[in-house]
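Chains as they are written, first to last, in the numbering used here: chain C, 161 to 257; chain H, 161 to 257; chain Z, 161 to 257; chain P, 161 to 257. Working notes for the structure below.
Protein chains: 4
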Amino acid sequence: MSVLVELTIFPTDKGESVSPYVTRVVKIINECGLECKLGPMGTCIEGEWDEIMAVVTKCYRALEVDCDRIYMLMKADCRKGAVDRLNGKVHSVESKL
Amino acid sequence: MSVLVELTIFPTDKGESVSPYVTRVVKIINECGLECKLGPMGTCIEGEWDEIMAVVTKCYRALEVDCDRIYMLMKADCRKGAVDRLNGKVHSVESKL
Amino acid sequence: MSVLVELTIFPTDKGESVSPYVTRVVKIINECGLECKLGPMGTCIEGEWDEIMAVVTKCYRALEVDCDRIYMLMKADCRKGAVDRLNGKVHSVESKL
Amino acid sequence: MSVLVELTIFPTDKGESVSPYVTRVVKIINECGLECKLGPMGTCIEGEWDEIMAVVTKCYRALEVDCDRIYMLMKADCRKGAVDRLNGKVHSVESKL
């Protein structure tokens with residue numbers, strides 16, 4: 161089953177600007193070997209459930225080190241028999257516009 | 161205050177594939193005059209609060225016509241004194257990678 | 161159409177503890193005249209679309225006054241011909257357990 | 161670190177009413193041994209990260225069996241040195257109203 165996840169995770173005890181922490185997380189995702197895409201409100205990752213959960217856990221662990229409060233939001237759209245949905249979902253809609 | 165919203169809205173009474181309904185919504189957003197960006201898990205829109213809410217309401221009304229159950233998810237990141245965050249947030253992180 | 165919304169809204173520029181701001185928001189919701197229920201991760205409100213949106217906007221305006229960055233998350237489950245879903249959805253599941 | 165999660169997970173290929181599937185998930189959460197609370201828009205669970213993720217995975221696996229498309233939403237509020245936040249967060253706000 162293709163699992164397409166959008167992950168948003170940031171500390172809430174570090175003041176208004178948190179881009180160093182977001183960068184830390186995005187680096188982990190970029191290097192995880194799964195297809196991914198950075199967006200303005202979160203990073204999308206596509207893979208199998210266990211692969212995705214392993215990356216999400218790695219991101220959490222990386223913030224846990226020096227953050228006292230962390231907010232996380234994860235949206236997942238899981239579909240059997242589907243592939244390359246990171247690009248496919250956008251193309252499917254764009255082709256109908 | 162710059163309001164950056166990611167909107168995800170779809171019917172849950174129309175079976176597994178809902179891209180015609182998503183397309184209907186994306187058309188409304190594309191034509192609303194605000195900066196926007198289609199992504200795999202939602203569409204980002206940037207503007208002032210009232211402008212954004214007017215578009216979100218328009219999307220809801222367009223589905224309400226023939227959908228009996230609708231699921232919506234809206235994430236908003238609002239920040240004073242910030243502009244062009246639709247591109248700026250991604251660039252800020254990419255420049256630090 | 162019954163609109164059941166869960167609203168989570170808080171400033172991210174006020175440090176780790178934000179309960180005074182959450183309290184400000186919950187007061188507005190409690191006094192709005194719609195059915196509502198405070199939970200550990202957000203407050204649920206039931207009503208018509210325009211009623212709900214008016215309350216959400218009031219909550220945003222109340223934080224905008226003295227917060228420089230605000231994060232908001234809104235989940236909505238909208239269903240035609242349904243009533244009292246604030247209690248009904250939980251009871252429906254509990255009766256099947 | 162206390163991890164407070166709100167989990168919403170349901171199939172989108174089973175038509176308008178999905179309470180049998182939600183019930184299946186809530187049973188798993190109720191029997192997992194962690195503190196939990198059923199709400200109108202999701203179920204809150206409190207525990208350590210790995211415990212929570214194990215339960216979320218179990219819920220996903222239980223739906224994967226006979227669902228072709230699954231939507232999931234997970235919100236997490238993680239805080240060091242905090243306990244009993246399932247009740248504590250609500251009480252903290254209620255005491256200030």
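Even glycine gets a Cβ: it sits at the ideal position worked out from N, Cα and C. Keep in mind it's a predicted model, so treat the numbers as computed, not measured.
Anyone know if the C-beta pair for C/MET232 and P/ALA222 falls short of 7 Å? Translated into positions along the first sequence, residue 232 of chain C becomes position 72. Translated into positions along the fourth sequence, residue 222 of chain P becomes position 62. Not closer than 7 Å, so no.
So P/PRO200 is in the alpha helix (DSSP H); what residue range does that whole segment cover? Position 40 of the fourth sequence, counted from the start, is the residue given in the question as residue 200 of chain P. That residue, P/PRO200, is in no alpha helix (DSSP H); it is neither H nor E in DSSP.
Under the assumption that C/LEU194 contacts C/VAL215 (Cβ atoms under 8 Å), give the Cβ distance between them as a whole number of angstroms. Start at 1 with the first residue of the first sequence, and residue 194 of chain C comes out as number 34. Start at 1 with the first residue of the first sequence, and residue 215 of chain C comes out as number 55. About 7 Å; that satisfies the 8 Å criterion.
What runs of the beta strand (DSSP E), each 3 residues or longer, lie entirely inside the stretch 199 to 229 of chain H? Counting whole runs of 3 or more residues, the stretch 199 to 229 of chain H contains the beta strand (DSSP E) stretches 202 to 207.
For C/SER179, would you say it is in contact with chain H, using Cβ-to-Cβ distances shorter than 7 Å as the test? Counted from its first residue, the first sequence places residue 179 of chain C at position 19. It does: the Cβ of C/SER179 has a partner Cβ on chain H nearer than 7 Å.
So, for Z/ILE230: in the same chain, excluding its five sequence neighbours on each side, which residues have a beta-carbon less than 6 Å away from its beta-carbon? Walking along the third sequence from the start, residue 230 of chain Z turns up at place 70. Sequence-distant Cβ neighbours of Z/ILE230 in its own chain, meaning closer than 6 Å and more than five residues away, are PRO171 and LEU223.
Mind checking if Z/ARG184 is an interface residue toward chain C, Cβ cutoff 7 Å exclusive? Residue mapping note: residue 184 of chain Z aligns to position 24 of the third sequence, counting from 1. Taking 7 Å as the CB threshold, Z/ARG184 stays off the interface with chain C.
Return the first residue and the last residue of the alpha helix (DSSP H) that H/SER177 is part of. To locate residue 177 of chain H, count along the second sequence from 1; it is residue 17. Looking at the DSSP string, H/SER177 is not in any alpha helix (DSSP H), and its letter there is neither H nor E.
Counting only Cβ pairs nearer than 7 Å, list the residues of chain P close to H/LEU167. For the purposes of this step, residue 167 of chain H is identified with residue 7 of the second sequence, where counting begins at 1. Within 7 Å Cβ-Cβ: nothing; H/LEU167 doesn't reach chain P, min ~14 Å.
Just to make sure I have the definition right: I need the residues of chain Z whose C-beta is within less than 7 Å of the C-beta of C/LEU233. Which are they? In the first sequence, the residue the question calls residue 233 of chain C occupies position 73. Residues of chain Z passing the Cβ test: LEU233.
Just reading off the alpha helix (DSSP H) that Z/GLY248 is part of, what are its end residues? Your numbering for residue 248 of chain Z matches position 88 in the third sequence. Residues 245 to 254.
CB contact flag (Z/ILE178, Z/THR203, <7 Å): Taking the third sequence and counting its residues from 1, the one referred to as residue 178 of chain Z is at position 18. Taking the third sequence and counting its residues from 1, the one referred to as residue 203 of chain Z is at position 43. Note on identity: in this sequence residue 178 of chain Z is Val, with Ile being the wrong assignment. No. Outside cutoff.
Is it true that the CB of Z/LYS256 sits closer than 7 Å to the CB of P/THR183? The residue labelled residue 183 of chain P in the question sits at position 23 within the fourth sequence. The residue labelled residue 256 of chain Z in the question sits at position 96 within the third sequence. Judged by their CB atoms, P/THR183 and Z/LYS256 are nearer to each other than the 7 Å cut-off.
Can you list the residues of chain P that C/THR217 reaches, using a CB-CB cut of under 9 Å? Here residue 217 of chain C is taken as the residue at index 57 of the first sequence, counted from 1. Those are TRP209, ASP210 and MET213, listed as they occur along chain P.
Quick one, which residues of the stretch 238 to 253 of chain C are near chain P if we go by CB-CB under 8 Å, in chain order? Listed by position along the chain: CYS238, ARG239, LYS240 and GLY241.
Which class does C/LYS235 belong to by DSSP, given the choice of helix, strand or coil? Locating residue 235 of chain C in the first sequence gives position 75, where the first residue counts as 1. Residue state, collapsed to three classes: strand.
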